[in-house]
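In this text, residue positions in the sequence shown follow this note's numbering: the first is 157, and each later residue adds one. Ideal Cβ placement from N, Cα and C applies to all residues, glycine included.
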Amino acid sequence: MKTFDSFFQKALKDRISKNIYRDLQPVVPGSGMIMECNGKHFINFSSNDYLGLSQNPLLKIQSQQWIEQYGNSSTASRLITGNYSFYPEIEKSLADFLGTESALIFDSGWQANVAILACLIEQLPKPVLVFTDRLNHASLHYGCKAGQVRQIRYRHCDMNHLSECLKRYAEVQGSRMIVTETIFSMDGDRSDLEVLRELANQWQCFLYLDDAHASGVFGKYGKGLAPAYADLTLGTFSKGWGSFGAYVAGSRALCQWLINYCSGFIHTTALPPAVIGCIAKALELMPQLDKARQFVLEQSDYVRNKMQEWSIDVGGSNTQIIPVIVKDANKAIQAAKLLADDGIWVMPIRPPTVSPNQSRLRLTISAAHSKENIDQMLNSFYKIRGLIQDS
Ligand SMILES: Cc1ncc(COP(=O)(O)O)c(C=O)c1O
157 MKTFDSFFQK ALKDRISKNI YRDLQPVVPG SGMIMECNGK HFINFSSNDY LGLSQNPLLK
217 IQSQQWIEQY GNSSTASRLI TGNYSFYPEI EKSLADFLGT ESALIFDSGW QANVAILACL
277 IEQLPKPVLV FTDRLNHASL HYGCKAGQVR QIRYRHCDMN HLSECLKRYA EVQGSRMIVT
337 ETIFSMDGDR SDLEVLRELA NQWQCFLYLD DAHASGVFGK YGKGLAPAYA DLTLGTFSKG
397 WGSFGAYVAG SRALCQWLIN YCSGFIHTTA LPPAVIGCIA KALELMPQLD KARQFVLEQS
457 DYVRNKMQEW SIDVGGSNTQ IIPVIVKDAN KAIQAAKLLA DDGIWVMPIR PPTVSPNQSR
517 LRLTISAAHS KENIDQMLNS FYKIRGLIQD S
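(1) Roughly how many angstroms separate the alpha carbons of Asp252 and Leu390, rounded to a whole number?
(2) Can you tell me whether Asp170 is helix, strand or coil according to DSSP?
(3) Any heavy atom of ligand 2 closer than 7 angstroms to the CB of Trp266?
(4) Under three-state DSSP, which class holds Phe242?
(5) Considering Cα atoms alone, identify which of Ile505, Pro244 and Asp387 is closest to Gln490.
(6) Use the C-beta contact count for His197: other C-beta atoms within 10 angstroms, 16 or more gives buried, fewer gives exposed.
(7) Between Cys418 and the rest of its own chain, which residues show a CB-CB distance below 8 angstroms, the 5 nearest in sequence each way excluded?
(8) Do Ala485 and Pro507 have their CB atoms nearer than 8 angstroms?
(9) Look at the alpha carbon of Pro443 and the alpha carbon of Gln267, and state the distance between them as a whole number of angstroms.
(10) Assuming contact is defined by CB atoms lying nearer than 8 angstroms, are Ile521 and Ser456 in contact in what I supplied?
(11) Is the segment 490-503 close to the segment 182-199, with three or more CB pairs under 8 angstroms?
(12) Return helix, strand or coil for Asn357, following the three-state DSSP convention.
(13) By the 10 Å Cβ neighbour count, where 16 or more other Cβ atoms means buried, how is Ile435 classified, buried or exposed?
(14) Determine whether the beta carbon atoms of Gly344 and Ser295 lie at a separation below 8 angstroms.
(15) So Leu365 packs on Ala386, CB below 8 angstroms; how close in whole Å?
(16) Restricting to Cα atoms, I'd like to know which of Gly380, Pro428 and Ser511 is closest to Ile223.
(17) Which class does Asp457 belong to by DSSP, given the choice of helix, strand or coil?
(18) Quick check: is any heavy atom of ligand 1 less than 7 angstroms from the C-beta of Ala368?
(19) Buried or exposed for Val184, please, with buried defined as at least 16 other CB atoms from any protein chain shown within 10 angstroms of its CB.
(20) Quick one: grab the DSSP three-state call for Arg332.
(21) Please determine, among Ile544, Val431 and Val284, the residue with the shortest C-alpha to C-alpha distance to Met463.
(22) Entirely within the segment 367-419 and at least 3 residues each: give me those beta strand (DSSP E) ranges in chain order.
(23) Let me make sure I understand the geometry here. Which of Ser241, Tyr403, Pro479 and Lys216 has the alpha-carbon closest to that of His256?
(24) Going by other Cβ atoms of all chains shown within 10 Å of its Cβ, with 16 needed for buried, is Gly433 buried or exposed?
(25) Would you identify the three-state DSSP class for Pro504, choosing helix, strand or coil?
(26) At which residue ranges does the segment 270-306 contain complete beta strand (DSSP E) runs of 3 or more residues, listed in the order of the chain?
(27) When you compare only the Cα positions, how much space is there between Gly299 and Tyr226?
(28) Thr338: buried (16+ other C-beta within 10 angstroms of its C-beta) or exposed?
(29) Drop a sphere of 10 angstroms on the beta-carbon of His423, count the other beta-carbons inside from all chains shown, and report buried for 16 or more, exposed for fewer.
(30) What's the gap between the Cα of Leu285 and the Cα of Arg460?
(31) Between which two residues does the beta strand (DSSP E) carrying His197 extend?
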């Protein structure tokens, strides 16, 4: 036994007893949305590869070329010698694409959210009041935790409640931030960006929008939903872009400030050339992918309509993320197993990722799905509808 093993084992037993234990599965990606796990083939309905770019040959070729040209690693942080000449060029193109003054690449979405929020909260004039949607992504919570601020949480997407919270703190001097997702990762619903911007203006709040699930899929040419509204847009290359890493977009002052103050930018090695090559090619292709985006959104509507016809609860989803809410964690596991027996891969999402009694199967639709894949998935859901119907 190593130090603390008895603690770890007790904590794991607790998760097993509550049906919320997690384990890693060995996945082998195949063509389209086919994947293999433990010798069996599945159609993957759990990935965030919304445009199917993870297997795009042009992205693969550019990654390989950039490895050849620049090497395997960026070898240092951006401020030391990792700022290879392609970085500023791509950041300039990215800012032009997003329609912001400036953009800055970070190593991952999780890391960027934690590092930037902590930095803002530490540096802004005190007290810093942070208004957050209750269903925000874990990385946004950890950013607030790292900044040692108590979040003022408003009910999910409830703009009246946010407005009340802002009023309650009207007398407090200091800095205000509203932090939310544009498309919620586990619910597939959307924030009201018009009202968020109005409230941010009314109360002089900095509006921090995490656009991870909109980037590539929504907005003109896939530029996401946030840039037109946010003071800071956080996007990821790990989902709609088929790659890895993240970006921050906003004013030149904001990006230069992050280069100077944000430890999560300063003290980490720059993303490697293979990844940046892949991102650069995805950026080039993005404006040409309207058909793929249209397919994803039309098929998502089609799936949602079928589910609703069968009295299956899909929450407030109106995007490519469709939660099939079954509430009970055990039921979610059971349903996922039955679907897997039918060759459909949908992961059960359970607490603590979602609130207690909010367990679900999180379905995602991709441009790499064929119409046949989608109908096969619906057929499998139809077979198990008795188990998962909203009661
Ligand atoms: C809303 C949101 N923000 C940030 C992240 C983290 O992004 P990344 O996977 O690039 O670390 C995720 C990914 O799960 C997410 O859903």
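In terms of the structure at hand:
(1) On the sequence shown, position 96 is the one that residue 252 refers to. On the sequence shown, position 234 is the one that residue 390 refers to. One Cα belongs to Asp252, the other to Leu390, and the distance between them is close to 15 angstroms.
(2) Taking the sequence shown and counting its residues from 1, the one referred to as residue 170 is at position 14. Looking at Asp170 - three-state DSSP - the assignment turns out to be helix.
(3) Although ligand 2 was asked about, the structure shown includes only ligand 1 as ligands.
(4) Locating residue 242 in the sequence shown gives position 86, counting from the first residue. Here Phe242 sits in helix by DSSP.
(5) Here residue 490 corresponds to residue number 334 of the sequence shown, with the count starting at 1. Ile505 is the residue among Ile505, Pro244 and Asp387 whose C-alpha sits nearest the C-alpha of Gln490.
(6) The residue given as residue 197 occupies position 41 in the sequence shown. With fewer than 16 other Cβ atoms from the protein chains shown falling within 10 Å of its own Cβ, His197 counts as exposed.
(7) The count along the sequence shown starts at 1 and reaches residue 418 at position 262. If we look at Cys418 and ignore the five residues flanking it on each side, its Cβ neighbours are Ala271, Ile272 and Cys275.
(8) The residue given as residue 485 occupies position 329 in the sequence shown. The residue given as residue 507 occupies position 351 in the sequence shown. Yes. Within cutoff.
(9) Taking the sequence shown and counting its residues from 1, one reaches residue 443 at position 287. Taking the sequence shown and counting its residues from 1, one reaches residue 267 at position 111. The straight-line gap from Cα to Cα measures roughly 27 angstroms.
(10) The residue you call residue 521 lines up with position 365 of the sequence shown. The residue you call residue 456 lines up with position 300 of the sequence shown. Cβ atoms of Ile521 and Ser456: closer than 8 angstroms.
(11) Contact annotation: the segment 490-503 touches the segment 182-199, with at least three C-beta pairs closer than 8 angstroms.
(12) Locating residue 357 in the sequence shown gives position 201, counting from the first residue. Helix at Asn357.
(13) Numbered from its first residue, the sequence shown carries residue 435 at position 279. By the neighbour-count rule (16 or more Cβ atoms within 10 Å), Ile435 is buried.
(14) To locate residue 344, count along the sequence shown from 1; it is residue 188. To locate residue 295, count along the sequence shown from 1; it is residue 139. No, Cβ-Cβ distance for Gly344 and Ser295 is not below 8 angstroms.
(15) Counted from its first residue, the sequence shown places residue 365 at position 209. Counted from its first residue, the sequence shown places residue 386 at position 230. Yes, they are in contact, since the Cβ atoms of Leu365 and Ala386 sit about 4 angstroms apart, within 8 angstroms.
(16) In the sequence shown, residue 223 corresponds to position 67, counting from 1. The shortest C-alpha separation from Ile223 is found at Pro428.
(17) For the purposes of this step, residue 457 is taken as residue 301 along the sequence shown, with counting starting at 1. The three-state reading of DSSP puts Asp457 in helix, counting H, G and I together.
(18) Here the question's residue 368 lines up with position 212 in the sequence shown. Correct: Ala368 has its Cβ closer than 7 angstroms to ligand 1.
(19) As a first step, residue 184 is located in the sequence shown; it is residue number 28 there, counting from the start. Classification for Val184: exposed.
(20) Residue mapping note: residue 332 aligns to position 176 of the sequence shown, counting from 1. In the structure shown, Arg332 adopts extended strand secondary structure according to DSSP, grouped into three states.
(21) Here residue 463 refers to the residue found at position 307 when the sequence shown is read from its first residue. Ranking Ile544, Val431 and Val284 by Cα distance to Met463 puts Ile544 first.
(22) Runs of the beta strand (DSSP E) lying entirely within the segment 367-419 and spanning at least 3 residues, in chain order: 388-392 and 402-406.
(23) Here the question's residue 256 lines up with position 100 in the sequence shown. Reading off the sequence, residue 256 comes out as Thr, not His. For the residues Ser241, Tyr403, Pro479 and Lys216, the minimum Cα distance to Thr256 belongs to Tyr403.
(24) Counted from its first residue, the sequence shown places residue 433 at position 277. Burial call: buried.
(25) Against the sequence shown, residue 504 aligns to sequence position 348. It is a strand residue.
(26) 284-289, all fully within the segment 270-306.
(27) Within the sequence shown, numbered from 1, the residue matching residue 299 stands at position 143. Within the sequence shown, numbered from 1, the residue matching residue 226 stands at position 70. Approximately 33 angstroms between the Cα atoms of the pair.
(28) Sequence index remark: in the sequence shown, residue 338 carries index 182 (1-based). Under this definition Thr338 is a buried residue.
(29) For the purposes of this step, residue 423 is taken as the residue at position 267 of the sequence shown. Answer is exposed; the Cβ neighbour count stays below 16.
(30) Within the sequence shown, the letter at position 129 stands for residue 285. Within the sequence shown, the letter at position 304 stands for residue 460. Rounded to whole angstroms, Leu285 to Arg460 spans 37 angstroms at the Cα level.
(31) Locating residue 197 in the sequence shown gives position 41, counting from the first residue. Start and end: Lys196 to Asn200.
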